[in-house]
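In what follows, a structure is listed as structure tokens, so that the remarks can point back to it.
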Amino acid sequence: SQTIHQWPATLVQPVGSPLSLECTVEGTSNPNLYWYRQAAGRGLQLLFYSVGIGQISSEVPQNLSASRPQDRQFILSSKKLLLSDSGFYLCAWRGGNIQYFGAGTRLSVL
Amino acid sequence: GEDVEQSLFLSVREGDSSVINCTYTDSSSTYLYWYKQEPGAGLQLLTYIFSNMDMKQDQRLTVLLNKKDKHLSLRIADTQTGDSAIYFCAESRQGTYKYIFGTGTRLKVLA
Chain D
9 SQTIHQWPAT
19 LVQPVGSPLS
29 LECTVEGTSN
39 PNLYWYRQAA
49 GRGLQLLFYS
59 VGIGQISSEV
69 PQNLSASRPQ
79 DRQFILSSKK
89 LLLSDSGFYL
99 CAWRGGNIQY
109 FGAGTRLSVL
Chain X
13 GEDVEQSLFL
23 SVREGDSSVI
33 NCTYTDSSST
43 YLYWYKQEPG
53 AGLQLLTYIF
63 SNMDMKQDQR
73 LTVLLNKKDK
83 HLSLRIADTQ
93 TGDSAIYFCA
103 ESRQGTYKYI
113 FGTGTRLKVL
123 A
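The listed protein sequences derive, respectively, from chains D and X. According to this note's numbering, the first sequence is numbered sequentially starting from 9. According to this note's numbering, the second sequence is numbered sequentially starting from 13.
What follows is the structure, encoded as structure tokens:
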């Protein structure tokens, strides 16, 4: 069966520090992968998606970047965090017509 | 526009039925989904419906789709306190890899 892992679960970072969130999928190959952000009490904002290794599509201009160094690994990064980067970050993969989500990372930028 | 709209809040009594509504904008949507998000957790797929269907039932859940009005609803029968969560509708669009999510409806079940 397929599983998706996200870590860390919670992160508190100072403004201006770098960020690296990791997401891995097991039990499938060449999945479509997604990063979303959910601000407090809000819906989901699609940040990036990837249809293959090294292929990244960015949905919104921002302080973040994404990379896919391996087939089942998707990384969300920032060189310098802003206060506005705080939120709940969700990774997802697509199997057939369904998106399956990780447990999320709660990022607080102080 | 790309908006998928939902009402923000719904409160029901335990044992009653809940109906959560959603309107979407793209008539070419192929699949429509309902996800549940409990506090501090990721999104859990509840059910989905293909766009050529009008209704789908899965135990306590009933999904109704009105393509003419671009309206989707989720009915939860015999609502329990464990159903308290945020419910998101979402659509997938033909020819893209993207999913468009609604703003979420916070369901509160009163004992």
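All C-beta atoms, glycine included, are put in the ideal place defined by N, C-alpha and C.
{"query": "Beta carbon proximity, residue 63/D to chain X, threshold 8 Å", "result": "no"}
{"query": "Test: residue 130/D CB closer than 8 Å to a CB of chain X", "result": "The structure shown does not extend to residue 130/D, since chain D spans only 9 to 118, so no value can be given for it."}
{"query": "One or two residues paired with residue 117/D in a DSSP bridge", "result": "21/D"}
{"query": "Residue 110/X versus residue 104/X - alpha carbon distance", "result": "6 Å"}
{"query": "Amino acids of chain D, ordered along the chain, whose beta-carbon sits closer than 8 Å to that of residue 99/X", "result": "The contacting residues do not exist; residue 99/X stays about 11 Å from chain D at best."}
{"query": "Which of helix, strand or coil DSSP assigns to residue 11/D", "result": "strand"}
{"query": "Nearest to residue 18/D (by Cα), restricted to the options 100/D, 109/D, 96/D", "result": "96/D"}
{"query": "Simplified DSSP state of residue 95/D, which is helix, strand or coil", "result": "strand"}
{"query": "Identity of the residue in 75/X, 81/X, 50/X nearest residue 30/X by Cα", "result": "75/X"}
{"query": "Nearest neighbour of residue 50/D, chosen from 73/X, 120/X, 100/X [CA to CA]", "result": "100/X"}
{"query": "Proximity below 8 Å, CB of residue 77/X to CB of residue 84/X", "result": "yes"}
{"query": "Closest residue to residue 72/D among 61/D, 44/D, 59/D, 35/D (Cα-Cα distance)", "result": "44/D"}
{"query": "Minimum Cβ-Cβ distance from residue 115/X to chain D less than 8 Å", "result": "yes"}
{"query": "Interface positions of the region 49-60 of chain X facing chain D (Cβ-Cβ less than 9 Å), listed along the chain", "result": "49, 52, 53, 54, 55, 56, 57, 60"}
{"query": "Stretch pair the region 21-30 of chain X + the region 87-96 of chain X: three plus CB contacts closer than 8 Å", "result": "yes"}
{"query": "Limits of the unbroken beta strand (DSSP E) element including residue 83/D", "result": "81-86"}
{"query": "Given residue 10/D as reference, the closest of 31/D, 35/D, 29/D once Cα atoms are compared", "result": "35/D"}
{"query": "Distance, residue 102/D Cα to residue 24/D Cα", "result": "33 Å"}
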